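This report concerns only the one structure given below.
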Amino acid sequence: MEELQKAVEAAAASANAAWLLAASALVLFMTPGLAFFYGGMTRAKSVLNMIMMSFGSIAVVSILWVIYGYSLAFDDDAFGGLVGGLGKIGLKGVITDVPGALPETIFSAFQLMFAIITVALISGAIADRAKFGAWMVFAGVWATIVYFPVAHWVFAFDSDTAKGGWIANQLGALDFAGGTAVHINAGSAGLALALVLGKRKGWPKESFKPHNLPLVLLGAGILWFGWFGFNAGSAVAANNLAGVAFINTQVATASALAGWLIVEKIRDKHATTLGAASGAVAGLVAITPACGSVNPVGAVILGVLAGAICALAVGLKYRFGFDDSLDVVGVHLVGGLFGSLIIGLLATETVTGGANGLFYGGGFSQLGKQAIAAFAVLAYSFVLTYIIGFIIDKTMGFRVDEETEIEGIDTGVHAESAYDFVSGSSTRSTIIGGAAPAGINDQSVREAAPAGKE
Numbered sequence: 001m002e003e004l005q006k007a008v009e010a011a012a013a014s015a016n017a018a019w020l021l022a023a024s025a026l027v028l029f030m031t032p033g034l035a036f037f038y039g040g041m042t043r044a045k046s047v048l049n050m051i052m053m054s055f056g057s058i059a060v061v062s063i064l065w066v067i068y069g070y071s072l073a074f075d076d077d078a079f080g081g082l083v084g085g086l087g088k089i090g091l092k093g094v095i096t097d098v099p100g101a102l103p104e105t106i107f108s109a110f111q112l113m114f115a116i117i118t119v120a121l122i123s124g125a126i127a128d129r130a131k132f133g134a135w136m137v138f139a140g141v142w143a144t145i146v147y148f149p150v151a152h153w154v155f156a157f158d159s160d161t162a163k164g165g166w167i168a169n170q171l172g173a174l175d176f177a178g179g180t181a182v183h184i185n186a187g188s189a190g191l192a193l194a195l196v197l198g199k200r201k202g203w204p205k206e207s208f209k210p211h212n213l214p215l216v217l218l219g220a221g222i223l224w225f226g227w228f229g230f231n232a233g234s235a236v237a238a239n240n241l242a243g244v245a246f247i248n249t250q251v252a253t254a255s256a257l258a259g260w261l262i263v264e265k266i267r268d269k270h271a272t273t274l275g276a277a278s279g280a281v282a283g284l285v286a287i288t289p290a291c292g293s294v295n296p297v298g299a300v301i302l303g304v305l306a307g308a309i310c311a312l313a314v315g316l317k318y319r320f321g322f323d324d325s326l327d328v329v330g331v332h333l334v335g336g337l338f339g340s341l342i343i344g345l346l347a348t349e350t351v352t353g354g355a356n357g358l359f360y361g362g363g364f365s366q367l368g369k370q371a372i373a374a375f376a377v378l379a380y381s382f383v384l385t386y387i388i389g390f391i392i393d394k395t396m397g398f399r400v401d402e403e404t405e406i407e408g409i410d411t412g413v414h415a416e417s418a419y420d421f422v423s424g425s426s427t428r429s430t431i432i433g434g435a436a437p438a439g440i441n442d443q444s445v446r447e448a449a450p451a452g453k454e
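In full-length UniProt numbering, the protein residues as written are 1 to 454.
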């Protein structure tokens, strides 16, 4: 009987390891999806630069994660829940296999993918105007000073051998897959960088229309697909909780897509493909922290509200005058805040045994914990990002010169263009001033100034 029990446990451990490996690959796939999503939303003269910023994030963060990032995020607590220690530098001790347990190498790989996409998300706020070299420096510094400590706060739980972060343990806020550590963190950073770099030339009077909506939809579809690894993988096991997170992710995303389109139809008299893609992403963002805490009906409610709220929130940049190019603030910051806070209302312990929200008899206690966690990450990320961005801007310069911005970063910085359809032509002569080549038509969608603005 004992041998049978050991065999069952070994089979379960193998299944969990296989699932987390697959989930890790799904989450990595999200970053190229984000690159397509962002790339299609920019003008034709900036698409390659936008994609490069995502791929650059993969390079920088992967290297730093192995050297010291994983240690800062998941080693035994070093400063009262603020950051991990240095005991896992170079993944020291991580590659040692413990029979019957989930290999720490797999967990480390899974969390690496979260770090990568969090950095990449920020790039959407500064499209069309950031130096690629400065971005690469920023990515490394920001991951070190902001993401790794925040990941420790949120994702590092106490164990028999190590102490974890203050949000996950001392505070007791719930964040199943990264509403605070990923989306509020990246959204706050995007707002700070948008303020540091300033507005694009001509914004908001000129139209900054997405140049390739099919690319946007492709990117959104890849993000949706990969997000199942992001959320369900955060169960760190192939179990019922992973199933709950999976179905909640699906229904919340579909509901948010519908909620965004309803707002568009009422406000603008038509529903757009960009609205559908953005609504889906808003739903994915909002359900991320809550997918393991709410039931499927709660996920539908969350999704509809998130889609509607984010559809309205993307207009904040026009009201307050900050040029968040691709709506990182309106979708990720606002969506992350909403998803994190609504846990305090809709959480039910019948899902995870964790806590009940206000609507399930839990009072205001969990809502207060969620608010503290959300706004602590917001403030930390915004302040530190602004300082990092300001220093980079004043030393090596963060923004391209005016000529390069007008000509296009693709040709001015990378000496390439995305659409070189003329046989034998040089890439620098294909697209000048952002006009798309023959056959590529701009469409009037959200990035054009809203009604009343010209």
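C-beta atoms are modelled at their ideal positions from N, C-alpha and C, and glycine is treated no differently.
Remember, predicted model here, so these are calculated numbers, not experimental data.
Alpha carbon to alpha carbon, how far is residue 414 from residue 174?
-> Taking the straight line joining both Cα atoms gives about 43 Å.
Where residue 243 falls, given that 16 or more other Cβ within 10 Å makes a residue buried = exposed
For residue 8, is the classification buried or exposed, using 16 other Cβ atoms within 10 angstroms of its Cβ as the cut-off for buried?
-> exposed
Nearest to residue 319 (by Cα), restricted to the options 295, 251 and 203 = 203
Any beta-carbon of chain B closer than 8 Å to the one on residue 89?
-> Considering every chain present, this structure includes no chain B. It has just one protein chain.
Check whether the Cβ atoms of residue 289 and residue 179 sit closer than 8 Å, and answer yes or no.
-> yes
Can you find at least 3 beta carbon pairs, one from the region 195 to 209 and one from the region 343 to 352, that sit closer than 8 Å?
-> Contact between the region 195 to 209 and the region 343 to 352 is absent, because fewer than three Cβ pairs lie under 8 Å.
For residue 426, which residues of its own chain have a beta-carbon under 7 Å away from its beta-carbon, when the five flanking residues on both sides are left out?
-> For residue 426, the predicted model reports a pLDDT of 47, less than 50, meaning its position is unreliable; a value from the coordinates is still stated below. Hits under 7 Å: none found.
Where in the region 94 to 173 do unbroken runs of the alpha helix (DSSP H), each at least 4 residues long, occur, reported from the N-terminal end onward?
-> 104 to 122, 132 to 142 and 148 to 155
Under 8 Å between C-beta atoms of residue 73 and residue 139 = Contact flag unset, no.
Which residues mark the beginning and the end of the alpha helix (DSSP H) in which residue 206 is found?
-> Here residue 206 belongs to no alpha helix (DSSP H), and DSSP marks it neither H nor E.
Pairwise C-alpha distance: residue 392 and residue 154 | 28 Å
Is residue 257 near residue 283, with beta carbons less than 8 Å apart?
-> yes
Any idea what DSSP makes of residue 401, helix, strand or coil?
-> coil
Where residue 77 falls: helix, strand or coil (DSSP) | strand
Taking 8 Å as the cut-off, decide whether the C-beta atoms of residue 114 and residue 27 are in contact.
-> Taking a C-beta distance under 8 Å as the contact criterion, residue 114 and residue 27 qualify as a contact pair.
Put residue 187 into one of helix, strand or coil per three-state DSSP.
-> helix
Enumerate in chain order the residues of its own chain whose CB-to-CB distance from residue 56 is below 6 Å, with the five nearest sequence positions on each side excluded.
-> 136
Would you be able to state if there are at least three C-beta pairs under 8 Å between the region 156 to 172 and the region 220 to 236?
-> No: the two stretches stay apart, fewer than three of their Cβ pairs being nearer than 8 Å.
Does the separation of the CB atoms of residue 95 and residue 105 fall below 8 Å?
-> yes
Between residue 277 and the rest of its own chain, which residues show a CB-CB distance below 6 Å, the 5 nearest in sequence each way excluded?
-> Counting only Cβ-Cβ distances below 6 Å, and skipping sequence neighbours, we find 216, 217 and 220.
Compare the C-alpha of residue 121 against each of 330, 404 and 353 and name the closest.
-> Residue 121 has its Cα closest to that of 330, out of 330, 404 and 353.
Residue 11 in three-state terms, based on DSSP | helix
May I have a chain-ordered list of the alpha helix (DSSP H) segments no shorter than 4 residues that lie completely inside the region 280 to 312?
-> none
Identify whether residue 84 lies in helix, strand or coil by the three-state DSSP scheme.
-> strand
Would you mind giving the Cβ-Cβ distance between residue 374 and residue 184, rounded to the nearest angstrom? I have them listed as a contact below 8 Å.
-> Indeed they touch by this definition, with Cβ atoms about 6 Å apart.
With DSSP collapsed to three states, give me the class of residue 469.
-> Outside the modelled stretch of the chain, which goes from 1 to 454, sits residue 469, for which no answer is possible.
Own chain residues within Cβ distance below 6 Å of residue 152, not counting five before or after | 73, 83, 84 and 165
Give the DSSP-derived three-state secondary structure of residue 1 in the structure shown.
-> coil
Would you kindly work out how many angstroms separate the C-alpha atoms of residue 271 and residue 128, rounded to a whole number?
-> 27 Å
Between the CA atoms of residue 291 and residue 45 - distance to the nearest angstrom | 38 Å
Unbroken alpha helix (DSSP H) runs of length 4 or more, entirely within the region 368 to 401: which are they?
-> Counting only runs of 4+ residues, no alpha helix (DSSP H) is found wholly inside the region 368 to 401.
Under 8 Å between the Cβ atoms of residue 18 and residue 76?
-> no
C-alpha gap between residue 312 and residue 5, whole angstroms | 54 Å
Rounded to whole angstroms, what's the CA-CA distance from residue 400 to residue 61? Just pull it up for me.
-> 23 Å
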